[in-house]
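Listed in order, the protein sequences are those of chains A and B.
Using this note's numbering, the letters of the first sequence correspond one by one to residues 1 to 421.
Using this note's numbering, the letters of the second sequence correspond one by one to residues 1 to 299.
Everything below concerns the one structure shown next.
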Amino acid sequence: MGTLAPIVAVVLAFLTGAVIILFFIRTYTLTDTTFADLKEAAVPIAVIEKIRSLEGKDYSDKAAFEEDIASRMGDKDFQQYGAMISGYALTRENPIRVYHEIFKAALKDRNGWGHVLYRATPLILTGLAVAFAFQCGLFNIGGEGQMVMGGFAITWVGFTFTQLPWFLLIPLCILAGAAAGGLWGSIPGYLKAKRGVHEVVTTIMLNWIAVALTQYLTMAFKPPESWIPHTYKIAKAAQLSRLYVYLNPLGINFSRSNLVNTAIFVAIAAVLITAYLLKRTKLGYEIRAVGFNPAAAECAGINVAKNTVLAMAISGAFAGLAGVNQVMGYKHRFRYGVFEGLGFDGIGVAFIGKNSPWGCVLAALLFGILDHGGLAIDVSTKVPREIVLVLKATILIFVVVSTELTKRLINILQKREEAAA
Amino acid sequence: MIESIFAILASTIRFAVPYTLAGLGGTYSERSGVVNIGLEGMMLSGAFTSVAVTNITGSAWTGLLAAILVGMLLGLIHAAVCVSFKADQIVSGLAIIIFAAGITVFFSWLMFNKTQIKAEGMLRVPFLHELPAFKLLFSQIPPLVFVTAAIVVASHFVIFRTVFGLRLRSVGEHPQAADTLGISVYKMRYSGVIISGALSGMAGAYLSLEHAHYFVKGISGGRGFIGLASMIFGKWTPFGTAGAGLLFGFGEAVKPYLPKIVPSQFIDMIPYILTIFVLTSAIGRATPPAAIGVPYNKE
């Protein structure tokens, strides 16, 4: 049941999305088939010929469509046939086609897969951040702030220590990202452990502080000739190569413009480390004990305060690593725009993945598919790509209500059985 | 000199309105025991709805009403998820933010084919707007400012002086005790969250109709969170929230007059830093309602 809930939530969310698409995406077009239908419905040929010139024109607005046909056929005919014509001209978008376009763009070939992996990489990390803290009973919604702090640290190291060779600079950048994110994450951990302040409020506030701070730092390290608010470029040695560099020599044809890069291995390593840390080490055991029951953990001699701070620091470090993909793998500079929202999406990823490391990977892939596939529907369908955000929000809602929903369903079923017996 | 002081004061008040309204919304919700970080999303939806409805119907007051209704609808969803389904209140709030960010742009593409929509109307008070003195006043301080001030005073009265307010606070402090006295915990929490939606929707309408005069993708830009900060800094009281809203509004208003040495980003941080300070008792002490964030189980 535990693993079923997210799948049910995804299905329910897609159904909700389908209803929205069916209800709101309407277009009025006069096509050959419309004219044939109208002929069959006994609309005089003379009337049809008058609106023939509008053939193939798309209207999303009913009023505009009716105004145009009325001006062509005259008010008298319009009163008689107008409603019928708009009825036949109305077409709705087929939600299955929309979803098919999303998944086709994301999964039909290697290129699509590559983009999905590129988009999933930072989400795996920000999702892990939330999931890890959750194991300690902490709700870290400060992923956004920890991520931009880490991202900036990565960039700063990348454009400052330009003399270092790649095998020193790349690990140094990664460490800097993890350290900055971890430090930023340990602040709410410390405030929770020592002052008893709930981490949800402090992490929200620290998000916005971090965003403002990095925006200031971006302007401080902006190349003077640049009009765009971004920092200096990181050294060549700090840039990660895209995967085509390795795949093409192996005979696997991979597009050079595909953004998936070696940062994906950092994300996979983070997943493995999390799984190992939580299940196989003393630290992981203590963190889970604190999350399960802090009072009992304290009695058993586990230092709750220390583990709270540590869990938040590790959580922040994961979020801080998201910049490896965004900066070292893609933009090569710091700019808030390439990070915006990834930290918040991580919360959704963690919840849909039921706060398990591998669950986060699956959920991040789903978000990656939606994000990349969403770009395609703008072109191939009449549905704005923001439907993807609606889908994400609805999945999230259904995931969190699923526990109570199944409990109620079971209750009802049990009562029925009792009544029958 | 005097002129710029007046200009700063007027724009302080203008900036304070959305913070105060959203903060008040948060106060109603949190006093009843439900965290509402979805204020931001409710505000954004209100901002879009008010402009869309104003442009279609031609009446800004109808737009305002529609924004309040949409806010209430989102509040109802948040209440259903958190109170009836006992789901995580933070995740539900976050989902509302994501939903609002998507659905507002979705409809602005569908209805207007662009993501920046000019508001074709303003809130005008019948009769009063005809008088030159009031016309001048309203051009500096929009009518909704006065409505907001009235709501602040009324909220203080409602929360601290009425039976409804007492019940609202009691379900947020100790729902079991309230339940044994025959107070419906669910009903009170639903009311608190729906009121918070209405006020946030209104804050959004103010933002797009009266402040910016247009709607643009993501216009709320974190103001819902500053509202949340105002509520905490104001210690969950209407007057405190309004005071904090004015303080944060002042920071925003004084920005263009500051010397270049002070980076504007540091002014932006002030509300959040102050909130962390009051929570850690570095200055004063802010204690949230006791039962906040915990779903109530009747059995």
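Idealized CB from N, CA, C, for every residue including glycine.
Since the structure is predicted, the reported quantities are computational estimates derived from the model, not experimental observations.
Determine the burial state of A:K279: buried for a count of at least 16 other Cβ atoms within 10 Å of its Cβ, exposed for fewer.
In the first sequence, counting from the first residue as 1, residue 279 of chain A sits at position 279. Residue environment for A:K279: exposed (fewer than 16 other C-beta atoms within 10 angstroms of its C-beta).
List the residues of chain A whose Cβ lies closer than 8 Å to the Cβ of B:F85, in chain order.
Sequence index remark: in the second sequence, residue 85 of chain B carries index 85 (1-based). Near B:F85 (Cβ distances below 8 Å), the residues of chain A are V400, V401, E404, L405.
Compare the C-beta of B:L69 against all C-beta atoms of chain A and say whether one is closer than 8 Å.
As a position in the second sequence, residue 69 of chain B is number 69, starting the count at 1. Closer than 8 Å: no.
A:L321 versus B:F157 - alpha carbon distance:
Here residue 321 of chain A corresponds to residue number 321 of the first sequence, with the count starting at 1. Here residue 157 of chain B corresponds to residue number 157 of the second sequence, with the count starting at 1. Near 49 Å, if we compare the C-alpha coordinates of B:F157 and A:L321.
Under a three-way DSSP split, which group does A:R423 fall into?
Chain A is shown from 1 up to 421; residue 423 of chain A falls before or after that span and cannot be answered.
Enumerated in chain order, which unbroken segments of the alpha helix (DSSP H) with a length of 4 residues or greater are wholly contained in the segment 33-88 of chain B?
Entirely contained in the segment 33-88 of chain B, the alpha helix (DSSP H) runs reaching 4 residues are, in chain order, 39-57, 60-79.
Three-state secondary structure (DSSP) of A:I397:
In the first sequence, the residue the question calls residue 397 of chain A occupies position 397. If DSSP states are grouped into helix, strand and coil, A:I397 belongs with the helices.
Counting only Cβ pairs nearer than 8 Å, list the residues of chain A close to B:V153.
Position 153 of the second sequence, counted from the first residue, corresponds to residue 153 of chain B. B:V153 does not reach chain A, its nearest Cβ partner there being about 27 Å away, counting only Cβ pairs nearer than 8 Å.
Cross-chain neighbours of B:M269 in chain A, by beta carbon under 8 Å:
The residue you call residue 269 of chain B lines up with position 269 of the second sequence. Here the neighbours are W208, I209, A212, L213.
What are the residues in the segment 93-118 of chain B lying within 9 Å of chain A by C-beta distance?
For the segment 93-118 of chain B, which is checked against every Cβ of chain A, the residues closer than 9 Å are L94, A95, I96, I97, I98, F99, A100, A101, G102, I103, T104, V105, F106, F107, S108, W109, L110, M111, N113.
Can you name, in chain order, every residue of its own chain whose Cβ lies under 6 Å from the Cβ of A:Y190, other than the five neighbours on each side?
Along the first sequence, read from residue 1 onward, the residue named residue 190 of chain A stands at position 190. The beta carbon of A:Y190 is closer than 6 Å to those of V309 in its chain, skipping five residues each way along the sequence.
Can you tell me whether A:L243 is buried or exposed? The criterion is at least 16 other CB atoms within 10 Å of its CB, across all chains shown.
Position 243 of the first sequence, counting from 1, holds the residue named residue 243 of chain A. The residue in question, A:L243, is buried, as its Cβ has 16 or more Cβ neighbours within 10 Å.
Nonlocal neighbours in the same chain, by C-beta distance under 7 Å from B:V70, ignoring five residues either side
Within the second sequence, residue 70 of chain B is the residue found at index 70, counting from 1. Within its own chain, the residues whose Cβ lies closer than 7 Å to the Cβ of B:V70, once the five positions on either side in sequence are excluded, are S45, G46, T49, G201, listed in chain order.
A:E418 burial status per 10 Å Cβ neighbour count (16 or more: buried)
To locate residue 418 of chain A, count along the first sequence from 1; it is residue 418. Counting C-beta atoms within 10 angstroms of its own C-beta, A:E418 has fewer than 16 neighbours from the protein chains shown and is therefore classed as exposed.
Taking B:A212 as the reference, which of B:E120, B:M1, B:V185, B:L76 has the closest Cα?
Reading the second sequence from its first residue, position 212 is the one you call residue 212 of chain B. If we check each option's Cα against that of B:A212, B:E120 comes out closest.
In chain B, which residues lie with their C-beta within 7 Å of the C-beta of A:M205?
Translated into positions along the first sequence, residue 205 of chain A becomes position 205. Chain B residues near A:M205: A229, Y272, T275, I276.
Given that a residue counts as buried once 16 or more other Cβ atoms are within 10 Å of its Cβ, and exposed if not, what is A:W358?
The residue given as residue 358 of chain A occupies position 358 in the first sequence. Classification of A:W358: exposed, given that the 10 Å Cβ count is below 16.
Span of the beta strand (DSSP E) around B:I5
For this step, residue 5 of chain B is matched to residue 5 along the second sequence. It is not in any beta strand (DSSP E) - B:I5 instead sits in the alpha helix (DSSP H) that spans 2-31.
Beta strand (DSSP E) containing A:T91: first to last residue?
Sequence index remark: in the first sequence, residue 91 of chain A carries index 91 (1-based). Counting along the chain, the unbroken beta strand (DSSP E) around A:T91 starts and ends at 90-92.
By Cβ distance, which residues of its chain are closer than 7 Å to B:P289, with the 5 residues on each side in sequence left out?
Here residue 289 of chain B refers to the residue found at position 289 when the second sequence is read from its first residue. So the qualifying residues of the chain are E30, R31, G33, G172, E173, W236.
CA-CA distance, A:F78 and B:G58?
Here residue 78 of chain A refers to the residue found at position 78 of the first sequence. Here residue 58 of chain B refers to the residue found at position 58 of the second sequence. Take the alpha-carbon of A:F78 and the one of B:G58: they are about 27 Å apart.
Is A:F367 close to chain B? Criterion is C-beta to C-beta, closer than 8 Å.
The count along the first sequence starts at 1 and reaches residue 367 of chain A at position 367. No - not a single Cβ of chain B is within 8 Å of the one on A:F367.
Validate contact between the segment 265-278 of chain B and the segment 213-231 of chain A using beta carbons, cut 8 Å, 3 pairs
Enough Cβ pairs lie closer than 8 Å, so yes.
Would you mind listing the beta strand (DSSP E) stretches within the segment 188-260 of chain B that are 3+ residues and don't spill past its ends, in chain order?
The DSSP assignment places 214-216 as complete runs of the beta strand (DSSP E) inside the segment 188-260 of chain B, in order along the chain (cut-off: 3 residues).
Can you give me the C-alpha to C-alpha distance between A:S380 and A:L183, rounded to a whole angstrom?
Within the first sequence, the letter at position 380 stands for residue 380 of chain A. Within the first sequence, the letter at position 183 stands for residue 183 of chain A. Their backbone Cα atoms lie some 45 Å apart in a straight line.
Buried or exposed: B:G221, going by 16 or more other Cβ atoms within 10 Å of its Cβ?
On the second sequence, residue 221 of chain B is found 221 positions in, with the first residue counted as 1. With fewer than 16 other Cβ atoms inside 10 Å of its own Cβ, B:G221 counts as exposed.
What is the DSSP secondary structure of B:K298, reduced to helix, strand or coil?
To locate residue 298 of chain B, count along the second sequence from 1; it is residue 298. Here B:K298 sits in coil by DSSP.
Where A:T3 falls: helix, strand or coil (DSSP)
Within the first sequence, numbered from 1, the residue matching residue 3 of chain A stands at position 3. Taken through DSSP and simplified to helix, strand or coil, A:T3 comes out as coil.
Would you tell me roughly how many angstroms separate the C-alpha atoms of B:G234 and A:I410, rounded to the nearest one?
The residue labelled residue 234 of chain B in the question sits at position 234 within the second sequence. The residue labelled residue 410 of chain A in the question sits at position 410 within the first sequence. Between the alpha carbons of B:G234 and A:I410 lies a distance of about 44 Å.
Where does the unbroken beta strand (DSSP E) through A:I209 begin, and where does it stop?
Along the first sequence, read from residue 1 onward, the residue named residue 209 of chain A stands at position 209. Per DSSP, A:I209 is not a residue of any beta strand (DSSP E); the alpha helix (DSSP H) it occupies stretches across 199-220.
Around the C-beta of A:I369, are 16 or more other C-beta atoms found within 10 angstroms, so that it is buried, or is it exposed?
Against the first sequence, residue 369 of chain A aligns to sequence position 369. With 16 or more other Cβ atoms within 10 Å, it is buried.
Assuming contact is defined by CB atoms lying nearer than 8 Å, are B:L76 and B:G227 in contact in what I supplied?
The sequence position of residue 76 of chain B within the second sequence is 76, counting from 1. The sequence position of residue 227 of chain B within the second sequence is 227, counting from 1. Going by C-beta atoms, B:L76 is not nearer than 8 Å to B:G227.
Pull the bridge partners of B:Q116 from the DSSP assignment, please.
Residue numbering aside, residue 116 of chain B sits at position 116 when the second sequence is read from its first letter. Secondary-structure assignment with DSSP links B:Q116 through a beta bridge to B:V216.
Using three-state DSSP, classify A:R416 as helix, strand or coil.
If you number the first sequence from 1, residue 416 of chain A lands on position 416. Under the three-state reduction of DSSP, A:R416 is assigned to helix.
Starting from A:R280 and walking both ways along the alpha helix (DSSP H), at which residues does that stretch end?
As a first step, residue 280 of chain A is located in the first sequence; it is residue number 280 there, counting from the start. A:R280: member of the alpha helix (DSSP H) spanning 263-280, first to last residue.
Helix, strand or coil for A:D371? Go by DSSP, reduced to three states.
As a first step, residue 371 of chain A must be located in the first sequence, where it is residue number 371. Helix at A:D371.
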